[in-house]
Amino acid sequence: MKFVDFVSRDAIRTSIDVHDKEQVIRSMATALLESGKIAEDEHESIVEAILKREELGSTGIGRGVAVPHTKHPSVGELVGTVAVSEEGVDFDSLDGEKVHLLFLLVSPPDRPGDHLRALENISRQLRDETFCRFLKQSKTPDDVWQLLEEADNNQFV
Amino acid sequence: MTVVERTVVITNPQGLHARPAELFARLASQFESEIRVSRDHQPVDAKSILHVLTLGAAQGTELTLSAEGVDAQDALEALVRLVDSDFATDETMRQESSG
Numbered sequence: 524m525k526f527v528d529f530v531s532r533d534a535i536r537t538s539i540d541v542h543d544k545e546q547v548i549r550s551m552a553t554a555l556l557e558s559g560k561i562a563e564d565e566h567e568s569i570v571e572a573i574l575k576r577e578e579l580g581s582t583g584i585g586r587g588v589a590v591p592h593t594k595h596p597s598v599g600e601l602v603g604t605v606a607v608s609e610e611g612v613d614f615d616s617l618d619g620e621k622v623h624l625l626f627l628l629v630s631p632p633d634r635p636g637d638h639l640r641a642l643e644n645i646s647r648q649l650r651d652e653t654f655c656r657f658l659k660q661s662k663t664p665d666d667v668w669q670l671l672e673e674a675d676n677n678q679f680v
Numbered sequence: 056m057t058v059v060e061r062t063v064v065i066t067n068p069q070g071l072h073a074r075p076a077e078l079f080a081r082l083a084s085q086f087e088s089e090i091r092v093s094r095d096h097q098p099v100d101a102k103s104i105l106h107v108l109t110l111g112a113a114q115g116t117e118l119t120l121s122a123e124g125v126d127a128q129d130a131l132e133a134l135v136r137l138v139d140s141d142f143a144t145d146e147t148m149r150q151e152s153s154g
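Just so you know, the protein sequences line up as chains A and B, in that order.
Per our numbering, numbering of the first sequence is gapless, rising by one per residue and ending at 680.
Per our numbering, numbering of the second sequence is gapless, rising by one per residue and ending at 154.
Right under this line is the structure:
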C-alpha cells in the first residue's frame, strides 16, 4: 500500500504548535475533519478512541516517529494524515525520544489487512534515514506530499 | 557464541500490528543477545518496533527468529511464548522471562 492510497493531502500539517499527546492527536483529527475525511459528529469519538489506544501502550515506534491510530466504524476506508513538529511532542516512546513525525490512521474495523499494510509501508519507508530526516524537516504540507510521492516511487529504498 | 533459531506462526486475526510489535520489541530488548526476525529471508532487528512492523505479518505468517549471544536460548523461548500466547499482556510472564 502506498502513502498516496491512505494519506489525505489536505489534512497534512507542518510546524504544528502543540506539545502534548492529546493536543496533537486532537489537531490531526481536526485536520481530517476539515478535509472532509471524517464526520463532524464522529470527531470526538475518534479522538477518544485514539487516546484510549495510547493508554494500552504508546504508538511512538522510535526514531522520532509515532503512529497513533484506531479502528472506527464511521469510516468506510482507511484514512490517514501526517503531522510534523519541529520542537517535538512528548509521546512516551519506547526509546524515550520526542516525536517529530506523526502518522495518524483511522481504519474500518473489518479491514485489519489494510491497517497492517499501511503500518508496514510507513515503517519500511522510515527505515531510510534520509527519507525520515527530510520528512521531519518539511516546512509545508506540499513538501511532505512531494516526499511521500517520491517514497511511493521507490526513490528512497 | 550460541546461535539459536525458532519458527513461529502469527495467529492473531489482526496480524502483527503496532501493539504486538511493541510487546515483541520490548521483550526482545530485555535480552543481551542479538535477535533477528525474518519473513522470507529478510532479517530485521527484533528489538526495534519500526523494524518488526516492516514485516507486515498478517495472520498465518510464519516468522523465523534467531538469536546469538549469552542468553540466546532464554530470549527465543520467551519470544516464542509471547507469540504463542497471542501476545498476552501479562507483566508477570514478561518479568519471569527476563529474569
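Every residue, glycine too, gets a C-beta built ideally from N, C-alpha and C.
Contacts between V598 of chain A and chain B, judged by CB atoms closer than 9 Å, are missing: the closest CB pair is about 17 Å apart. Not one beta carbon of chain B lies nearer than 9 Å to the beta carbon of E571 of chain A.
Rounded to the nearest angstrom, the gap between the Cα atoms of E673 of chain A and V125 of chain B is 43 Å.
Considering only beta carbons, the part of the region 104 to 123 of chain B lying closer than 9 Å to chain A consists of I104, L105, H106, V107, L108, T109, L110, G111, A112, A113 and Q114, in chain order. Between the region 86 to 103 of chain B and the region 663 to 679 of chain A, the count of C-beta pairs closer than 8 Å stays below three; the two stretches do not touch. Its chain contains F142 as the residues whose beta carbon lies nearer than 6 Å to that of L78 of chain B, once the 5 sequence neighbours on both sides are disregarded; these appear in chain order. When DSSP reads this structure, H592 of chain A sits in a beta bridge with A:L628. In the three-state reduction of the DSSP assignment, V570 of chain A falls in the helix class, which pools H, G and I. A Cβ of chain A is located within less than 9 Å of the beta carbon of L78 of chain B.
Flagged as an interface residue toward chain A: Q69 of chain B, by a C-beta distance shorter than 9 Å.
A direct Cα-to-Cα measurement between E609 of chain A and V527 of chain A gives close to 23 Å.
Secondary structure at I104 of chain B: helix, using DSSP grouped into helix, strand and coil. A straight-line Cα-Cα distance of about 30 Å links V602 of chain A and V92 of chain B. Under the DSSP assignment, I584 of chain A falls in the beta strand (DSSP E) whose first and last residues are G583 to G585.
DSSP places D528 of chain A within a helical segment (H, G or I) once states are collapsed to three.
Taking C-beta separations shorter than 6 Å and ignoring five residues to either side along the sequence, the partners of F86 of chain B in its chain run D126 and A130, following chain order.
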